[in-house]
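In order, the protein sequences belong to chains X and R. Under this note's numbering, the first residue of the first sequence is numbered 20, with each subsequent residue one higher. Under this note's numbering, the first residue of the second sequence is numbered 932, with each subsequent residue one higher. Idealized CB from N, CA, C, for every residue including glycine. Okay, structure first, notes after.
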Amino acid sequence: MSQVNRIAASSKRINRNRTLTFTFNGKEYQGFEGDTVASALLANGVDVVGRSFKYSRPRGIITSDSQEPNAIFQIGSTQATTIPNPRATQTDLYHGLAASSTNGWPNVDFDLMSTVGKLGGSMMPPGFYYKTFMFPQSLWMSYEHLIRKGAGLGSSPQQADPDSYDKMHHHCDVMIVGAGPAGLAAALSAAQTGARVIISDEQNEFGGSLLCSKQQIDGELPSQWVEKTVAQLATMDNVLLLPRSTVFGYYDHNLVGINERRTDHLGENQLQSTRQRVHKVRAKQVILATGAHERPLVYGNNDVPGCMLANAVSTYINRYDVVPGNQLVLMTTNDNAYKTAIDWHQAGRKVVTIVDTRESSNGELVKKAKKLGINVIFGHAVIEVSGSKRVKGVDIAPINAVNHSVTGAAKHFPCDTVASSGGWSPVIHLSSHTGSRPVWNEDIAGFVPGETVQQQHICGGLEGVYDLSKVISAGFTTGAVAAQAAGKGEGSYAGTLPQTSDPQEDASMALFHVPHSKKTSRAPKQFVDYQNDVTAAGIELANREGFESIEHVKRYTALGFGTDQGKLGNINGMAITAKSLGKTIPETGTTIFRPMYTPTTFGALAGADVKHLFDPARFSAMHKWHLDNGAEFEDVGQWKRPWYFPKPGEAMQDALERECLATRNSVGILDASTLGKIDIQGKDAREFLNRVYTNPWSKLAVGKCRYGVMCKEDGMVFDDGVTACLEENRFIMTTTTGGAAGVLQWLELWHQTEWPELEVYFSTVTDHWSTMTISGPNSRKVLEKICDVDVSNDNFKYMDWIEAKVAGVKARIFRISFTGELSFEINVQANYGMHTWQAVMAAGEEFDITPYGTETMHILRAEKGFIIVGQDTDGSVTPQDLDMDWVVGKKKEFSFIGKRSWTRYDNKRDDRKQMVGLKPKDPNFVLPEGAQIVFEKNQSIPMTMVGHVTSSYYSACMGYSFALAVVKGGISRKGQSVFLPLSDGTTVEAEICSPVFYDPKGDRQNV
Amino acid sequence: MLHIHCPYCEEMREEEEFSPAGQAHIQRPLNPEELSDEQWARYLFFRKNPRGLHHELWLHAHGCRKYFNMTRNSVTYQIMETYKMGAKPSITASEEGQS
Ligand SMILES: [Zn+2]
Chain X
20 MSQVNRIAAS SKRINRNRTL TFTFNGKEYQ GFEGDTVASA LLANGVDVVG
70 RSFKYSRPRG IITSDSQEPN AIFQIGSTQA TTIPNPRATQ TDLYHGLAAS
120 STNGWPNVDF DLMSTVGKLG GSMMPPGFYY KTFMFPQSLW MSYEHLIRKG
170 AGLGSSPQQA DPDSYDKMHH HCDVMIVGAG PAGLAAALSA AQTGARVIIS
220 DEQNEFGGSL LCSKQQIDGE LPSQWVEKTV AQLATMDNVL LLPRSTVFGY
270 YDHNLVGINE RRTDHLGENQ LQSTRQRVHK VRAKQVILAT GAHERPLVYG
320 NNDVPGCMLA NAVSTYINRY DVVPGNQLVL MTTNDNAYKT AIDWHQAGRK
370 VVTIVDTRES SNGELVKKAK KLGINVIFGH AVIEVSGSKR VKGVDIAPIN
420 AVNHSVTGAA KHFPCDTVAS SGGWSPVIHL SSHTGSRPVW NEDIAGFVPG
470 ETVQQQHICG GLEGVYDLSK VISAGFTTGA VAAQAAGKGE GSYAGTLPQT
520 SDPQEDASMA LFHVPHSKKT SRAPKQFVDY QNDVTAAGIE LANREGFESI
570 EHVKRYTALG FGTDQGKLGN INGMAITAKS LGKTIPETGT TIFRPMYTPT
620 TFGALAGADV KHLFDPARFS AMHKWHLDNG AEFEDVGQWK RPWYFPKPGE
670 AMQDALEREC LATRNSVGIL DASTLGKIDI QGKDAREFLN RVYTNPWSKL
720 AVGKCRYGVM CKEDGMVFDD GVTACLEENR FIMTTTTGGA AGVLQWLELW
770 HQTEWPELEV YFSTVTDHWS TMTISGPNSR KVLEKICDVD VSNDNFKYMD
820 WIEAKVAGVK ARIFRISFTG ELSFEINVQA NYGMHTWQAV MAAGEEFDIT
870 PYGTETMHIL RAEKGFIIVG QDTDGSVTPQ DLDMDWVVGK KKEFSFIGKR
920 SWTRYDNKRD DRKQMVGLKP KDPNFVLPEG AQIVFEKNQS IPMTMVGHVT
970 SSYYSACMGY SFALAVVKGG ISRKGQSVFL PLSDGTTVEA EICSPVFYDP
1020 KGDRQNV
Chain R
932 MLHIHCPYCE EMREEEEFSP AGQAHIQRPL NPEELSDEQW ARYLFFRKNP
982 RGLHHELWLH AHGCRKYFNM TRNSVTYQIM ETYKMGAKPS ITASEEGQS
């Protein structure tokens, strides 16, 4: 089929020399460069583009912009490039575009569900969601798949997105949203002060309403003025022009989020550049020039394809050379919409009649229409449309808008298109994003932006100013004022204003709901929100059921819940609510709009922060060795730590048992580089440690190490580690791998906010050092081979540290142990890490030195009852709960952090959860970590839970399984049995014991 | 997204460089051992949650690592001032006519 609705070439926006072929629901069509998918479909005479959500009614294109509720498609030819839910009215046509309806099942022309009555109206009354969610879950389950399939709003891509995305950050003096007459004027005016200006517009080219207006500016078509102005702006270095760029959000402190669609209009797989770019603009001043959206009228069967917004019809005619029908009936409450009938008439098609709801009007446009011979009927309205897949005719009747009544008999007129205009609604969405409450402006019967704390200016249609001359003049003024507020210019525009004369218009009528001869509840459906099938009757029903707040009405009826955020229907819905409650619109109020203005793809928001760039990874200097030696890794914070080192064919448990036995019987080696390391210096360093650690540090001599525990002020353990005295006023503190950043921040907090008088400095040196721990009875023999000092027990005692050369490299060696075995922690400058590691491995070869990872480390330390903060503790555990009172200084002068809280009533209870060991009765059964513990095996549910398992392993060294746990009053319950009811229904018995399972006297680390 | 002036860096920086650290101007009692449980709990747990002006402690975490104070409106998110540790706020709720 040819483009039956395409008229003779007149618009410069359509390039007839470039024909584009595309498919819609599998059928091939042609359009031209410059078309949107919507204009191309209308050119081809496609009426039905989807089915409605609830009633499955055929739906057509209504608008030409972001308000579109029906033409919401699935666009893209593959599972990698498909995009759910773009509006056809905002999608530029490209060659090969493949679009399909998202909400027709099995297809839009023949809909099974409406035939069989599926979820027909009676099954989904207003409040359907609300009621369904309140019901037992099973009811929702039975509806869900039907709703998803029938209503489905597009489907997500099933394959990885081949496109790339990025982000840019900007600072500017004046950010202008919207490049219609107001925005362009503001941009020119602001830019001429030298201010840095960014102007963005969601459309493919700048100009807004001027692109299809015929009201001359300076004696030329307004598009000429647009062209000149844009050309002038383009030459200015201080101006950034962003077409195809939607401002999706306006955030606090004048942050504006913009999504620039860079290649979407060129087609799929445009891999030569980023597909979309998010601009984050921090603007000194923001000018909102977002204009206004036309409001449809609400009348019977107003959703039949062929019912459109008046302004949209004009746009299709003037901008796209498409007349979307043959016989037009225009219903209007105002003079402005007469333009549509005039455009239609001048395009050579028939205007059946204009139906004006007002008693009279003598405006210029009215006169012009009459002069052209167009029939005008005043005091009437279209009360009902006939037709199902296309308008076939209308019933027109005299109405009384004040009484909301039809006052005479209806008369039928055949036609195929109904254009309606109920006036204009300022696009207040962005100004609402920052929390500003819109206010009702009676003069224009619409909401306008209210007070705001942002550095925000508004002008043009958004202010409720619609006369072009006033809009342009306001733009120039606002641009200058905003620039001055940003410190540029004198605050007024010095140039000459472009001249245009506005047609004289008579007052419009506020009409939000066209009466019908039947009661609203019995009249044909009068749609308010097309996307959610919300009708006037539905809103009235919600009000009758007691939902009076507009926010409740919204949630009950789903008004404004679609991807269009109610752009088309919100004001009418609020007005109908107000009327039915006997309130005014300002009393009823408006719902609040939030970002996103229109849906934004996840790809754009993620930008380049995907895959390996999603989160930074940290690697130790020995990482390559671990890779080469088959390590499995685990994430600890951002660190990639070896988890275990399986040999070929070895299962995880086999590897762990081998690593544990090798360490206990000979020697193992662990890469411990990730432990946090903080260099602490200053004459008050020692005093500072006294205050933040629970144990005393006054007497720790140079060359000695000490284990310390840190608590929060509430007395709960939050980190632990070994700190060594390097010099009299210098210490190196180690923290847990995951706690490093938090501990540094904690130290800084106390120093900066409470004790600034203490002279102490903290530097993180975690990445400066590579740390390898050799552990096991043969560890000394290994070290002796490559170390230049005597490391015998006499010369190098447990909990000492020394400086020495290891493999020719300067090292700090700490004789500390987290395994309970004789251990040496060798620290070298990180860039010697690999060298030293390899030297240690070579020296250890004769002892079969075995690398082990975090899992074996966890098992070995648990056998010794050493806690891991964050695994065995959870922020509610004191040192006393851990049976670690030995780490608490009793004679410290300063009331160190956490101390006072231990004597709080709650922390003195003897039934607190306390750290204990657990031995399962079945020595081969490993208790699940997190399993809950009860004292009474046969207690009925809910059982009294008295603790849980924090760490649990099988010990190859001991030959049985064991666990660490917290149990209420557990320290005094050693020897007693507890029970663990598991998720599989079985209950396991275990015995409470000491948490130190292996070498309780600590002989092995002291040899 | 707040735009925050670090009083140490003396520059406006994006919110993502900062971490909030709770209510400002809470002084640790000098004599914890002499306080009753109730007095200690008041220091430990009780915090203001005003609608309107609030004095907050912030950290320039990904910047100079300094803690500083901020007077912020909890309703409008306007930042009235930021000031260094040890300084007093120049704008307080009573001056704004709030309680
Ligand atoms: Zn700073």
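Neighbouring residues, chain R, relative to residue i (Cβ below 7 Å)
i, result
"X/Tyr924", "Asp968"
"X/Glu732", "Leu975"
"X/Arg301", "His934"
Three-way DSSP call (helix, strand, coil) for residue i in this model
i, result
"X/Asn278", "strand"
"X/Phe866", "helix"
"X/Trp769", "helix"
"X/Gln22", "coil"
"X/Phe998", "strand"
"R/Ser950", "strand"
"X/Arg710", "helix"
"X/Ala206", "helix"
"X/His854", "helix"
"X/His272", "coil"
"X/Tyr663", "strand"
"X/Asp362", "helix"
"X/Gln1028", "Because residue 1028 of chain X is not part of the residues shown, which for chain X are 20 to 1026, the question remains open."
Any non-hydrogen atom of ligand 1 closer than 8 Å to residue i Cβ
i, result
"R/His991", "yes"
"R/Tyr1014", "no"
"R/Tyr939", "yes"
"R/Cys995", "yes"
"X/Arg919", "no"
"X/Arg215", "no"
"X/Arg725", "no"
"R/Arg959", "no"
"X/Arg749", "no"
Within chain X, the residues that residue i reaches when beta carbons sit closer than 7 Å
i, result
"R/Glu964", "Ser914, Arg919"
"R/Gln954", "The premise fails here: R/Gln954 is roughly 12 Å from chain X at the closest Cβ pair, so nothing lies under 7 Å."
Opposing strand residues paired with residue i [DSSP bridges]
i, result
"R/Tyr998", "R/Leu990"
"X/Gln346", "X/Lys369"
"X/His431", "X/Asp414"
"X/Ser405", "X/Gly412"
"X/Asp628", "The partner list for X/Asp628 (beta bridge, DSSP) is empty, contrary to what the question assumes."
Residue environment, residue i, which counts as buried when at least 16 other CB atoms sit within 10 Å
i, result
"X/Met671", "exposed"
"X/Gly310", "buried"
"X/Trp1050", "Residue 1050 of chain X lies beyond the residue range present for chain X, which begins at 20 and ends at 1026; the question has no answer from this structure."
"X/Gln874", "Reading off the sequence shown, one finds Glu at residue 874 of chain X, where the question assumed Gln. Buried, because 16 or more other Cβ atoms sit within 10 Å of the Cβ of X/Glu874."
"X/Thr334", "buried"
"X/Lys666", "exposed"
"X/Ile393", "buried"
"X/Gly894", "exposed"
"X/Met641", "buried"
"X/Asp733", "buried"
"X/Tyr780", "exposed"
"X/Arg683", "buried"
"X/Leu131", "Only weak support is given to the placement of X/Leu131: the predicted model assigns it a pLDDT of 44, under 50, and the question is left unresolved by the model."
"X/Lys696", "buried"
"X/Tyr924", "exposed"
"X/Met903", "buried"
Per-residue contacts from residue i into chain R (C-beta, under 9 Å)
i, result
"X/Leu60", "Chain R residues near X/Leu60: none, gap ~39 Å exceeds 9 Å."
Under 8 Å by beta carbon: chain X residues contacting residue i
i, result
"R/Trp971", "Arg919, Ser920, Arg923"
Proximal chain R residues relative to residue i, where beta-carbon distance stays under 8 Å
i, result
"X/Pro775", "Met1016, Gly1017"
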